[in-house]
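**Q** Take the position in the sequence shown, starting the count at 1, then add 35; the result is the number in the working numbering.
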Amino acid sequence: KPPYVCNGCGKKTHCLMPRKFYSSKYAHDEYRSVLVDCRVGINQTPESIQSMNDLLVPLIKEKHQSIGHIYATHAEELGCSRRTLYSYINDCVFDVRNGDLRRSVRYKKRKKPTQTSAKDRSYRQGHNYEDFQNYMKDHPDINVVEMDCVEGKKGESRALLTFTFRNCNLMLMFLLEYQDQECVLEVFVWLETVLGQDAFKKLFPVILTDGGSEFSAREEME
36 KPPYVCNGCG KKTHCLMPRK FYSSKYAHDE YRSVLVDCRV GINQTPESIQ
86 SMNDLLVPLI KEKHQSIGHI YATHAEELGC SRRTLYSYIN DCVFDVRNGD
136 LRRSVRYKKR KKPTQTSAKD RSYRQGHNYE DFQNYMKDHP DINVVEMDCV
186 EGKKGESRAL LTFTFRNCNL MLMFLLEYQD QECVLEVFVW LETVLGQDAF
236 KKLFPVILTD GGSEFSAREE ME
């Protein structure tokens, strides 16, 4: 009879029937194991993985497109987040590797947000506000795009990277995982990849920003 275990049975000392005992610790350990196992592996069918692989391999290996570019045109077909896709590639799920990805070999794996020392201001040489004013005197009709980083709530690492076009009051916003130069560079790489180098230079001829360390990779951004 219920609960079908022998823990509270008074006949268990001389009973010859097969016995079953309930162990709360064992049950809890099994429960925790199931929770872990259900989060391990790939939440995709073999067919969807093959479809993603068939899409990614020629775009990455033959056309040398970045993940950002691929997502701009094939997000619905991929059916997963960009971070998940990077994890799949890192786990060798597809026939492409990290070394095949555009720009991926240029950055070390992030352990914590990259910041430039507050004392190191060499990246601002020739790019101070006075230099900007002098340049605008010689090029008064050129379009200026203001770039800024908007911090989130205290304790959160994510931030918003904004581009404001003075000539039309248009603002673009990009969510950054970290407020650091690597995440800012990823946005620049994505924009240049999607727009093409010529269109990118035409739309962003002059970018005005503050001296935050997240904008310190000036040469790479240019």
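Beta carbons: idealized from backbone N, C-alpha and C, even for Gly.
Tell me whether cysteine 73 sits in a helix, a strand or coil according to DSSP, three-state version.
**A** Because cysteine 73 sits at a pLDDT of 47, beneath the cut-off of 50, its placement in the model cannot be relied upon, and the following sentence gives the value as read from the coordinates. Helix at cysteine 73.
**Q** Residues in its own chain within less than 8 Å of valine 219 by CB, not counting five upstream and five downstream?
**A** Cys184, Leu196, Leu211, Glu249, Phe250, Ala252, Met256
**Q** Mapping the DSSP letters down to three states, classify valine 128 as helix, strand or coil.
**A** coil
**Q** Does the region 231 to 245 come within contact of the region 169 to 186, defined as at least 3 CB pairs closer than 8 Å?
**A** Short answer: they touch.
**Q** Could you name the residues of the same chain whose beta carbon sits closer than 7 Å to that of valine 40, not counting the 5 residues immediately before and after it, in chain order?
**A** Lys55, Phe56, Tyr57
**Q** Within 10 angstroms of the Cβ of glutamate 221, are there 16 or more other Cβ atoms? Answer buried if so, exposed if not.
**A** Buried, by the Cβ-count rule.
**Q** Inspect the CB distances between the region 105 to 124 and the region 81 to 95 and report whether three or more fall short of 8 Å.
**A** yes
**Q** Hey, is the region 101 to 110 in contact with the region 221 to 239, meaning 3+ C-beta pairs nearer than 8 Å?
**A** yes
**Q** Quick check: the Cα distance between lysine 47 and proline 81, rounded to an integer number of angstroms?
**A** 50 Å
**Q** According to DSSP, is methionine 171 helix, strand or coil?
**A** helix
**Q** Please check the pair tyrosine 123 and isoleucine 102, which I expect to be a contact at CB under 8 Å, by giving their CB distance rounded to whole angstroms.
**A** The pair is not a contact, with the Cβ atoms about 11 Å apart (cut-off 8 Å).
**Q** Which one or two residues does DSSP pair with aspartate 183 in a beta bridge?
**A** DSSP lists Thr197 as partners of aspartate 183.
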